[in-house]
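Visitor: After the structure tokens below, expect a handful of questions from me.
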Amino acid sequence: MNPQAKLLSITSLFLGSTITITSNHWIMAWTGLEINTLAILPLISKSHHPRAIEAATKYFLVQAAASALLLFSSMTNAWYTGQWDITQLTHPTSCLLLTTAISIKLGLVPFHFWLPEVLQGTSLATGLLLATALKFPPITLLLLTSPSLNPTLLTIMAVASTALGGWAGLNQTQTRKILAFSSISHLGWMTIILVYNPKLTLITFYLYCLMTIPIFLTLDTIKTLKLTTMSTAWTKIPPLTATLMLMLLSLAGLPPLTGFLPKWLIIQELTKQEMTPTATIIALLSLLGLFFYLRLAYCATITLPPNSINHMKQWQTNKSTKMFITTFITLSIMLLPLSPMIFTTP
Numbered sequence: 001m002n003p004q005a006k007l008l009s010i011t012s013l014f015l016g017s018t019i020t021i022t023s024n025h026w027i028m029a030w031t032g033l034e035i036n037t038l039a040i041l042p043l044i045s046k047s048h049h050p051r052a053i054e055a056a057t058k059y060f061l062v063q064a065a066a067s068a069l070l071l072f073s074s075m076t077n078a079w080y081t082g083q084w085d086i087t088q089l090t091h092p093t094s095c096l097l098l099t100t101a102i103s104i105k106l107g108l109v110p111f112h113f114w115l116p117e118v119l120q121g122t123s124l125a126t127g128l129l130l131a132t133a134l135k136f137p138p139i140t141l142l143l144l145t146s147p148s149l150n151p152t153l154l155t156i157m158a159v160a161s162t163a164l165g166g167w168a169g170l171n172q173t174q175t176r177k178i179l180a181f182s183s184i185s186h187l188g189w190m191t192i193i194l195v196y197n198p199k200l201t202l203i204t205f206y207l208y209c210l211m212t213i214p215i216f217l218t219l220d221t222i223k224t225l226k227l228t229t230m231s232t233a234w235t236k237i238p239p240l241t242a243t244l245m246l247m248l249l250s251l252a253g254l255p256p257l258t259g260f261l262p263k264w265l266i267i268q269e270l271t272k273q274e275m276t277p278t279a280t281i282i283a284l285l286s287l288l289g290l291f292f293y294l295r296l297a298y299c300a301t302i303t304l305p306p307n308s309i310n311h312m313k314q315w316q317t318n319k320s321t322k323m324f325i326t327t328f329i330t331l332s333i334m335l336l337p338l339s340p341m342i343f344t345t346p
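Under full-length UniProt numbering, think of the first position of the sequence shown as 1, with each following residue one higher.
Next comes the structure, spelled out in structure tokens:
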């Protein structure tokens, strides 16, 4: 891809996200989301592979439908209330349409079908943008409108997302699809607490990005796209592959690692809201995700390739491990001791 075109796309992504996050008018928020959609399309289709073109087409159609719904929601609210302010979304039909539009943009169940297919058709670097950076503007809109949204509907969608994200990921062999279903599952955790504690939703999203970024960068460094090649990739950069197991277990939410923190806080908050059955269900559903994270970790670090025939060993790659990968790995594994700071933030 032309460096100038890539720079223009990345700059447009930053511009679109900034416009949406900082705006208080629905038209400006919609404009920022449209800039994001148009900026990511060249990055998705840059390989010119038929699967990449298909992924870009699916992404464009889905995001265009979601943007139209969002615009229709804001216009309906302005028609009935005379308000274009994002925080003044009060009309019930507008709230329902907005929930649908943002769910489509994020990939929440039952509007999740596009996310695994689009991630599978892109490179790991573009998939990282789709799984983290491009979810920030829609989540910001959800945070701003959270007092007006229907908590029962959000809870049902959140539990369904966590269930489907874990269940559908069990039988996958492609790492990008596994990470897509992992994203759907984590979005369920963010959504379930949205109405009751919006700040906790934001903390969960930040920590999810913190844990997902090093996994994508590690898989991109060792050039691993499926489970069958993961078992032979450990010879490239053994220390990085060893820490990949810890990063995956952190994403699964095992207690000594960073990923346990958001799940712990969300279950605690749900219990305070007298939603103990919901907290129990969503905690049990996260065990489904734990299974395929363990399978990924097993393939990455414990499985040795068969030695019955002579074959070429993959030697270490020329790409050295970047400093920011090391930083993200450290944060994704060892941030739990800093959790008291989160409790004391105003």
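Note that beta-carbon positions come from the ideal geometry of N, C-alpha and C, so glycine has one too.
Here's a check: name, in chain order, each residue in its chain whose Cβ is nearer than 6 angstroms to the Cβ of residue 355, leaving out the five neighbours to either side.
Guide: This structure leaves residue 355 out entirely; the chain is present only between 1 and 346.
Visitor: Can you look up glutamine 88 in the DSSP assignment and give me helix, strand or coil?
Guide: Glutamine 88 falls in the helix class under three-state DSSP.
Visitor: Hey, leucine 134 and leucine 119: beta-carbon distance below 9 angstroms or not?
Guide: No. Outside cutoff.
Visitor: Can you list the beta strand (DSSP E) stretches of 3 or more residues lying completely in the region 244 to 313, in chain order?
Guide: Here no run is fully enclosed.
Visitor: Tell me whether histidine 49 is buried or exposed, calling it buried when 16 or more other Cβ atoms sit within 10 Å of its Cβ.
Guide: Exposed, since its Cβ has fewer than 16 Cβ neighbours within 10 Å.
Visitor: Return no unless some Cβ of chain C is closer than 9 angstroms to the Cβ of isoleucine 178.
Guide: In the structure shown, chain C cannot be found, because there is only a single protein chain.
Visitor: According to DSSP, is lysine 236 part of a helix, a strand, or is it coil?
Guide: The answer is coil: DSSP assigns lysine 236 none of H, G, I, E or B.
Visitor: Between threonine 99 and asparagine 171, how many whole angstroms is the CB-CB distance? I'm expecting something under 8 angstroms.
Guide: So it is not a contact: roughly 30 angstroms between Cβ atoms.
Visitor: Would you check if the distance between the CB atom of isoleucine 104 and the CB atom of alanine 168 is smaller than 9 angstroms?
Guide: Not closer than 9 angstroms, so no.
Visitor: Output the boundary residues of the alpha helix (DSSP H) element that contains valine 62.
Guide: Residues 50 to 81.
Visitor: Which whole runs of the alpha helix (DSSP H) in the region 149 to 174 are 4 residues long or more, in chain order?
Guide: If we require 4 residues or more, the alpha helix (DSSP H) runs fully inside the region 149 to 174 come out as 151 to 168.
Visitor: Are there 16 or more other CB atoms within 10 angstroms of the CB of lysine 223, so buried, or fewer, so exposed?
Guide: Exposed: under 16 other Cβ atoms inside 10 Å.
Visitor: In whole angstroms, give me the CA-to-CA distance for tryptophan 84 and serine 74.
Guide: Near 7 angstroms, if we compare the C-alpha coordinates of serine 74 and tryptophan 84.
Visitor: Let me check one thing: in DSSP terms, what residues is lysine 226 bridge-paired to?
Guide: Partner(s): Gln174.
Visitor: Secondary structure at histidine 112, three-state DSSP: helix, strand or coil?
Guide: Histidine 112: coil per DSSP, three-state reduction.
Visitor: Looking at the secondary structure, which residues open and close the alpha helix (DSSP H) in which threonine 22 lies?
Guide: Looking at the DSSP string, the run of the alpha helix (DSSP H) that includes threonine 22 is 3 to 22.
Visitor: So, for glutamine 63: in the same chain, excluding its five sequence neighbours on each side, which residues have a beta-carbon less than 7 angstroms away from its beta-carbon?
Guide: Counting only Cβ-Cβ distances below 7 angstroms, and skipping sequence neighbours, we find Thr37, Lys105.
Visitor: So, for asparagine 310: in the same chain, excluding its five sequence neighbours on each side, which residues have a beta-carbon less than 8 angstroms away from its beta-carbon?
Guide: For asparagine 310, the predicted structure reports a pLDDT of 49, less than 50, and the residue's modelled location is therefore unreliable. The matter cannot be settled from this model.
Visitor: Express the C-alpha separation of phenylalanine 328 and glycine 259 in angstroms, rounding to a whole number.
Guide: Approximately 13 angstroms between the Cα atoms of the pair.
Visitor: Give me the Cβ distance between leucine 128 and phenylalanine 216, rounded to the nearest whole Å; I'm assuming they're in contact under 8 angstroms.
Guide: Yes, they are in contact, since the Cβ atoms of leucine 128 and phenylalanine 216 sit about 4 angstroms apart, within 8 angstroms.
Visitor: Quick one: using the 10 Å Cβ neighbour count with 16 as the cut-off for buried, is lysine 6 buried or exposed?
Guide: Exposed is the call here.
Visitor: List the whole-angstrom C-beta distance separating threonine 162 from serine 185, where the pair is believed to meet the contact cut-off of C-beta under 8 angstroms.
Guide: Threonine 162 to serine 185, Cβ: 5 angstroms. Contact.
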